[in-house]
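Presented below is the structure to which this report refers.
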Amino acid sequence: MRAISPTRPILITGAGKRIGLALARHFLAHQQPIIISYRTRYPAVDTLEQAGATCLFGDFSTNQGIEQFAQQVKQRCDSLRAILHNASAWLAESPHRSPADTLAAMLQIHVHAPYLLNHLLEPLLRGHGHGHASADLIHFTDYVVERGSDKHIAYAASKAALDNMTRSFARKLAPEVKVNAIAPAMIVFNDGDDAQYREAALNKALMKIAPGEQEIIGLVEYLLNSKYVTGRTHAVDGGRPLR
25 MRAISPTRPI LITGAGKRIG LALARHFLAH QQPIIISYRT RYPAVDTLEQ AGATCLFGDF
85 STNQGIEQFA QQVKQRCDSL RAILHNASAW LAESPHRSPA DTLAAMLQIH VHAPYLLNHL
145 LEPLLRGHGH GHASADLIHF TDYVVERGSD KHIAYAASKA ALDNMTRSFA RKLAPEVKVN
205 AIAPAMIVFN DGDDAQYREA ALNKALMKIA PGEQEIIGLV EYLLNSKYVT GRTHAVDGGR
265 PLR
């Protein structure tokens, strides 16, 4: 793991489960210091903390909560190797919730949080090494940015905004900080997903597998180690657009 930094932590938002948790475990296994955010204190958060992670509560549902979280990070370190914006929520349009509330919630977590954190924590990313590709931002978007979604319209729109911010922040922060996006489709099933759902989901892609979190970990490693790749969205979708 060439991109390891023994003194500069990697910040991972929303690392209490699934891909965020897998990334946190991976970095800890390679003695890479990490800071994670969590909103729900899942049992895995305790395990990460025991393994050496700095685990900070973060309520990204308000701008004040985002700013308070950034302040906590600044109190614990004066530099960051990378920020991985993994925190996410998946709200569908519903007759039981106003469209305005759904849109506001999706924009808050997928746009306001990374936008504000990138600005607030920018000084921790700059000024290291020789000033070239010494830090990274990675935005986790979604396959639906390309396709759209009739049941998750606000979700898809907010992830599309995050995808666009990738290119804007790449322009703003180069050459010190590389900024990329990862757009996954099906990566890993939930324990409660039944056989019918799993079959239907697998049939949407050419590769017909759920590859697991290692597929994302490998791509994150590649992006952290690159000295040149920035401002791009990297699809991890098993060939879905070709179906």
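Convert by adding 24 to the 1-based position in the sequence shown; the result is the number in the working numbering. Using N, Cα and C, we set each Cβ at its ideal position, and we do this for glycine too. These numbers were taken from a predicted model, which means no experiment stands behind them.
Starting from residue i, trace the alpha helix (DSSP H) both ways and give me its first and last residue.
i, result
"Y62", "Careful: Y62 lies outside any alpha helix (DSSP H), inside the beta strand (DSSP E) at 58-62."
"F84", "Premise fails: F84 is in no alpha helix (DSSP H) and is neither H nor E."
"R50", "Position check: residue 50 holds His in this sequence, whereas Arg was assumed. Residues 42-53."
"I177", "177-197"
"I133", "Segment: none, I133 is in no alpha helix (DSSP H) and carries neither H nor E."
"L247", "238-249"
"R171", "168-171"
"A219", "219-226"
For residue i, name the three-state secondary structure that DSSP assigns.
i, result
"T71", "helix"
"P123", "helix"
"F213", "coil"
"T257", "strand"
"P208", "strand"
"K232", "coil"
"H163", "strand"
"L115", "coil"
Rounded C-beta distance between residue i and residue j? I'm assuming under 8 Å.
i, j, result
"V212", "A234", "6 Å"
"G76", "L52", "6 Å"
"D160", "V201", "7 Å"
"T257", "A207", "5 Å"
"T71", "P33", "18 Å between Cβ atoms; not a contact."
"S61", "G89", "The pair is not a contact, with the Cβ atoms about 10 Å apart (cut-off 8 Å)."
"A137", "F84", "4 Å"
Whose C-alpha, out of the options, is nearest the C-alpha of residue i?
i, options, result
"A94", "L35, V135, L127", "L35"
"I240", "P30, A224, L45", "L45"
"R264", "G242, M210, V253, V244", "M210"
"E170", "H156, A157, D187, S158", "D187"
"K41", "A259, T78, E237, T254", "E237"
"S250", "N227, A157, A198", "A157"
"Y139", "P33, G172, H109", "H109"
"V135", "T86, K175, Q92", "T86"
"Q96", "I43, L144, T64", "L144"
"C101", "G172, I59, V244, S192", "I59"
"P67", "A39, Q88, I90, F84", "A39"
"T190", "K98, L243, H120, N142", "N142"
"P57", "Q92, I107, R65, R63", "I107"
"G255", "N214, F193, E73", "F193"
"E146", "A198, R267, V69", "A198"
Grab the span of the beta strand (DSSP E) containing residue i for me, first residue to last.
i, result
"A106", "106-109"
"L35", "34-36"
The stretch 164-181 in contact with the stretch 143-153 per 3-pair CB rule at 8 Å: no
Inter-stretch contact (C-beta, 8 Å, three-pair minimum) for the stretch 213-225 and the stretch 172-185: no
Given 8 Å, three or more beta-carbon pairs between the stretch 127-144 and the stretch 110-117: yes
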